[in-house]
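Q:
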């Protein structure tokens with residue numbers, strides 16, 4: 001009786017994890033495909049030789065999105081227990097961004 | 001290795017034990033010895049500076065030697081004295097306060113110390129090889145590019161090596177606080193010193209890379225023919241100032257936040273009250289760190305950044321006064337209605353509050369961009385930053401050292417001598433630096449070798465020098481006290497100050513595994529909760545079991561020596577390419593020891609349950 005209960009629980013658990021893994025795999029494949037597409041777009045824009053003012057921002061935006069994919073889907077940053085790494089990465093990005101912004105504005109433009 | 005075995009050990013084995021240690025408590029003692037040595041060295045340099053300025057047109061030291069003295073005084077005191085002494089306090093107190101058995105990476109902890117020491121030694125070798133760095137502790141380009149001799153090369157290489165060590169220490173503490181807190185020790189139950197250690201480590205992590213980059217550029221400009229700071233080749237001299245201060249301003253918060261943490265431990269303990277406004281203290285600490293990254297250009301108001309940039313940085317600077325003010329009032333309210341005990345750590349805390357407030361006030365004055373054009377590069381600036389660094393950081397270091405001395409060495413320093421020490425140091429400090437505010441307002445510029453007679457500067461400079469002798473006398477008394485205490489004072493109990501936090505729940509000094517069983521933390525000031533609501537002892541959170549501890553290793557020392565040798569080779573390869581051999585040998589030692597460490601498994605050892613049971617209950621006696 002007890003054993004039976006245990007085993008049904010176990011199968012339910014297995015099912016749950018199977019479902020979850022399937023879901024995760026789907027995300028991985030989709031993001032992987034999207035990253036390849038993004039890279040193709042980036043190369044495509046450069047090869048198409050459109051104006052620089054158009055090319056550079058698009059490439060930068062694509063790069064940022066790709067970094068996000070990398071962090072959240074391939075490095076599992078969206079999973080539980082990653083609050084501290086996420087906080088630290090974002091504060092680091094913030095400090096670096098601020099520095100670059102200030103330097104570009106007051107040293108090279110000012 | 002039981003306690004009796006270490007007691008009977010000879011000098012050689014004790015030395016070997018310290019050279020190979022990975023124990024955070026012993027590394028704290030190493031940091032203390034290293035930091036205090038450089039503190040004395042920097043103090044001697046300061047004394048020579050003050051003797052030179054005791055009278056107008058003095059000829060005590062030459063102009064060149066004076067430049068070297070001021071440069072090395074600043075560099076030594078910031079990088080080689082204040083930071084290691086704070087790291088000593090962090091190492092001794094933080095793991096105990098959060099209920100951990102060691103830091104997260106004991107090997108890296110040892111490596112951090114040895115890199116600091118080797119970096120400091122490399123920097124100071126310059127005294128014996130034809131002149132120390134002489135471009136000021138900020139090493140502004142282009143002066144630092146054109147400075148002759150190898151002084152500035154020693155500066156860039158020495159600080160680079162020491163900087164690696166500090167960066168490793170910071171990352172280590174971050175991981176320790178995040179992953180190794182005892183059961184029940186949530187972030188918002190952490191003692192404030194552990195919080196400030198954590199936040200200072202965040203600042204180290206984000207600020208030191210700017211220094212690393214700056215020093216690399218300087219090294220390449222000076223030694224490898226690069227032109228990052230040469231305008232005629234398309235470089236830009238102002239970039240160095242930016243990089244230096246992007247690091248340099250967070251650096252001063254790295255120095256002051258742990259001192260704030262010490263006072264936040266000392267004041268509640270000796271007021272017999274919990275810290276007033278704990279959560280606002282945490283908030284203020286985080287806010288100071290956050291704002292600290294946006295104010296660096298207030299060191300550069302006169303560079304010509306333009307009125308908009310100057311205004312933005314001026315306002316950000318003044319905003320920092322708000323969280324700092326929150327802290328000051330919280331300390332005052334902690335004392336309000338408390339049962340005050342005027343022990344020497346408490347005296348330093350009480351001396352700190354008005355001194356630091358004066359320094360903060362002159363800081364806001366300097367932060368007003370328009371007024372700063374008047375104060376810039378005068379003794380007003382000198383007075384300001386000595387008020388915050390000596391009145392804040394150094395007072396904090398001494399308060400912390402005296403407070404945690406029993407945890408490091410098992411004895412309480414002689415209180416009577418410490419009271420004398422405090423008063424000598426406190427009076428000397430104000431005598432030295434208070435009048436420098438007025439010297440600055442009268443127009444005396446900083447970094448000048450001599451001043452002229454009959455300009456109204458004679459008397460104040462004379463008094464200032466007398467004050468410096470008071471501080472020296474106080475420090476000598478403190479050193480005498482250390483020796484006296486080691487010989488004459490009785491052994492201290494685990495809890496000599498009637499403490500509130502976890503470090504006082506273990507014996508003094510603690511066993512090398514810290515906690516036989518990890519304690520269960522039931523709230524803020526966990527030991528105090530057990531004293532008032534329980535039986536005065538921490539409840540264990542786990543059954544008694546084997547404890548896993550890391551093995552001692554000599555590799556960190558060898559690795560650091562390798563990097564030091566490589567640094568010397570790099571400095572001198574411009575004179576003679578044969579020095580490349582030295583550099584290569586150094587790098588072989590460095591990467592070789594890395595390889596040994598990576599390829600050879602070192603799984604540590606276990607202290608067995610049976611041995612732990614034999615050693616008594618391990619709590620405070």
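Residue numbers (UniProt numbering), protein chains in the order written: chain A, 1 to 110; chain B, 1 to 621. Even for Gly, the Cβ is constructed at its ideal location relative to N, Cα and C.
Any beta-carbon of chain B closer than 8 Å to the one on residue 81/A?
A: So no, residue 81/A is outside the interface.
Q: Which residues does DSSP pair with residue 549/B in a beta bridge?
A: Residue 549/B is bridged to 605/B.
Q: Closer than 9 Å between beta carbons: that is the criterion. Which residues of the segment 94 to 107 of chain A meet it against chain B?
A: Residues 94, 95, 96, 98, 99, 102, 103, 105, 106, 107.
Q: Closest Cβ-Cβ distance between residue 642/B and chain A: below 8 Å?
A: One cannot answer for residue 642/B here, as it falls past the ends of chain B, which runs 1 to 621.
Q: Against chain C, which members of the segment 225 to 236 of chain B pass a CB distance test of less than 8 Å?
A: Within the model displayed, chain C is absent; protein chains A and B are what it includes.
Q: Which of the three DSSP states is assigned to residue 509/B in this structure?
A: Three-state result, residue 509/B: coil.
Q: Who does residue 378/B pair with in a DSSP beta bridge?
A: According to DSSP, which records beta bridges pairwise, residue 378/B is partnered with 445/B.
Q: If you follow the alpha helix (DSSP H) that residue 487/B is part of, which residue opens it and which one closes it?
A: Taken as a continuous stretch (DSSP letters only), the alpha helix (DSSP H) holding residue 487/B covers 458 to 488.
Q: Applying the 10 Å Cβ sphere with the 16-neighbour rule, what's the burial state of residue 336/B?
A: With fewer than 16 Cβ atoms within 10 Å of its Cβ, residue 336/B is classed as exposed.
Q: Between residue 81/B and the rest of its own chain, which residues show a CB-CB distance below 6 Å, the 5 nearest in sequence each way excluded?
A: Around residue 81/B: 35, 38, 39, 42.
Q: Is residue 488/B buried or exposed, if buried means 16 or more other CB atoms sit within 10 Å of its CB?
A: It counts as exposed.
Q: At which residues does the alpha helix (DSSP H) containing residue 327/B begin and terminate?
A: Here the alpha helix (DSSP H) through residue 327/B covers 321 to 335.
Q: My understanding is that residue 250/B touches residue 90/B, with C-beta atoms under 8 Å, so please give their C-beta distance in whole angstroms.
A: Contact doesn't hold; Cβ gap of about 17 Å is too wide.
Q: Measuring only the C-alpha atoms, how far is residue 96/B from residue 36/A?
A: Rounded to the nearest angstrom, the two C-alpha atoms are 50 Å apart.
Q: Helix, strand or coil for residue 556/B, going by three-state DSSP, please let me know.
A: Residue 556/B: helix per DSSP, three-state reduction.
Q: Would residue 160/B be called buried (16 or more neighbouring beta carbons within 10 Å of its own) or exposed?
A: With 16 or more other Cβ atoms within 10 Å, it is buried.
Q: Alpha carbon to alpha carbon, what distance is there between residue 10/B and residue 596/B?
A: In a straight line, the C-alpha of residue 596/B is about 29 Å away from that of residue 10/B.
Q: Are there 16 or more other CB atoms within 10 angstroms of the CB of residue 609/B, so buried, or fewer, so exposed?
A: The residue in question, residue 609/B, is exposed, as its Cβ has fewer than 16 Cβ neighbours within 10 Å.
Q: Within 8 Å (strictly less), CB to CB, does residue 91/A reach chain B?
A: Yes, because at least one Cβ of chain B sits closer than 8 Å to the Cβ of residue 91/A.
Q: What's the C-alpha gap between residue 415/B and residue 478/B?
A: About 11 Å.
Q: Near residue 141/B, which residues of its chain fall below 6 Å by C-beta distance, leaving aside the five closest residues on each side in sequence?
A: Only 229, 237, 240 meet the Cβ criterion.
Q: Applying a beta-carbon distance threshold of less than 9 Å, which residues of chain A neighbour residue 242/B?
A: Those are 99, 102, 103, 106, 107, listed as they occur along chain A.
Q: At which residues does the alpha helix (DSSP H) containing residue 594/B begin and terminate?
A: 579 to 599 is the extent of the alpha helix (DSSP H) around residue 594/B.
Q: According to DSSP, is residue 519/B part of a helix, a strand, or is it coil?
A: Here residue 519/B sits in strand by DSSP.
Q: Relative to the C-alpha of residue 206/B, which candidate in 567/B, 170/B, 122/B, 433/B has its C-alpha closest?
A: Out of 567/B, 170/B, 122/B, 433/B, 170/B has the C-alpha closest to the C-alpha of residue 206/B.
Q: Determine, for residue 309/B, whether the minimum Cβ-Cβ distance to residues of chain A falls below 8 Å.
A: True, the Cβ-Cβ gap to chain A drops below 8 Å.
Q: Since residue 88/A is in the alpha helix (DSSP H), which residue starts that stretch and which ends it?
A: Residue 88/A -> alpha helix (DSSP H) spans 83 to 103.
Q: Cutting at 7 Å between CB atoms, please list the residues of its own chain near residue 1/B, excluding the five before and the five after it.
A: Residue confidence for residue 1/B is low, a pLDDT of 42 falling below 50, so the modelled location carries little weight; the figure read from the coordinates is stated next. Counting only Cβ-Cβ distances below 7 Å, and skipping sequence neighbours, we find nothing.
Q: Do residue 511/B and residue 107/B have their C-beta atoms closer together than 8 Å?
A: No. Outside cutoff.
Q: Taking a Cβ distance cut-off of 8 Å, strictly less, list which residues of the segment 294 to 306 of chain B are near chain A, in chain order.
A: Result list: 294, 297, 305, 306.
Q: Would you list the residues sitting across from residue 540/B in a DSSP beta bridge?
A: BP columns for residue 540/B point to 519/B.
Q: Can you tell which of 343/B, 446/B, 441/B, 480/B has its C-alpha closest to the C-alpha of residue 419/B?
A: Answer by Cα proximity: 343/B.
Q: Taking Cβ positions, are residue 509/B and residue 398/B nearer each other than 8 Å?
A: Result no, Cβ atoms of residue 509/B and residue 398/B do not sit closer than 8 Å.
Q: So for residue 18/B, helix, strand or coil by DSSP?
A: Here residue 18/B sits in helix by DSSP.
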